[in-house]
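The opening residue of the sequence shown carries number 1 in UniProt numbering; numbering runs sequentially from there.
Where a beta carbon is used, it is the ideal one built from N, C-alpha and C, also for glycine.
These numbers were taken from a predicted model, which means no experiment stands behind them.
See below for the structure under consideration.
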Amino acid sequence: MRKLLPFLAVAVLSCSKESTLEDMNTAGSDAGATTTVASTARTSAVADLEGNWRRTETRYNRGDGNQYWQPASPQSVVKFQSGKLFPGDHPYLSQFYAYEERTPGVLHLTGNSATADVPYRVSGSTLELTYRQREEVVDRFVKL
1 MRKLLPFLAV AVLSCSKEST LEDMNTAGSD AGATTTVAST ARTSAVADLE
51 GNWRRTETRY NRGDGNQYWQ PASPQSVVKF QSGKLFPGDH PYLSQFYAYE
101 ERTPGVLHLT GNSATADVPY RVSGSTLELT YRQREEVVDR FVKL
């Protein structure tokens with residue numbers, strides 16, 4: 001009997017905890033409690049892109065594990081405005097004149113004879129575009 005007593009005490013306590021939790025849940029729903037759910041979905045991320053951006057550096061990934069950043073010409077300024085792209089003297093973007101975001105985080109670029117889907121990320125006043133030429137290239141821009 002002494003050996004069964006601790007097990008019975010634990011069983012009684014666990015049953016009472018479950019019923020108390022159940023009572024709390026039903027009491028909360030009876031009292032008309034509301035639940036707020038925060039959404040982490042991005043809204044109008046393309047709006048963050050609007051404006052002038054100066055290219056500061058470019059990272060090349062040749063696929064051999066060696067990635068390095070190179071400073072860019074300070075004259076390289078790109079402008080995004082209401083779906084229109086003004087690439088300035090950017091070597092890759094100069095073939096495009098329009099952009100739209102079909103999927104979150106990916107710009108669909110359109111040109112006379114070219115289209116491309118380019119992943120992008122805006123963080124504060126920094127923009128990073130990732131595209132592929134002979135190797136993967138990441139351009140980093142700062143907002144003007």
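Distance from the Cα of residue 84 is smallest, within the candidate group 69, 67, 107, 68, for 107. In the three-state scheme derived from DSSP, where H, G and I count as helix and E and B as strand, residue 95 is classed as helix. Contact between residue 139 and residue 58 holds: CB atoms are separated by about 5 Å, below the 8 Å threshold. By the neighbour-count definition (other C-beta atoms within 10 Å, threshold 16), residue 62 is an exposed residue. Residue 120 counts as buried, since at least 16 other C-beta atoms from the protein chains shown sit within 10 angstroms of its C-beta. The C-alpha of residue 65 is placed about 33 Å away from the C-alpha of residue 97.
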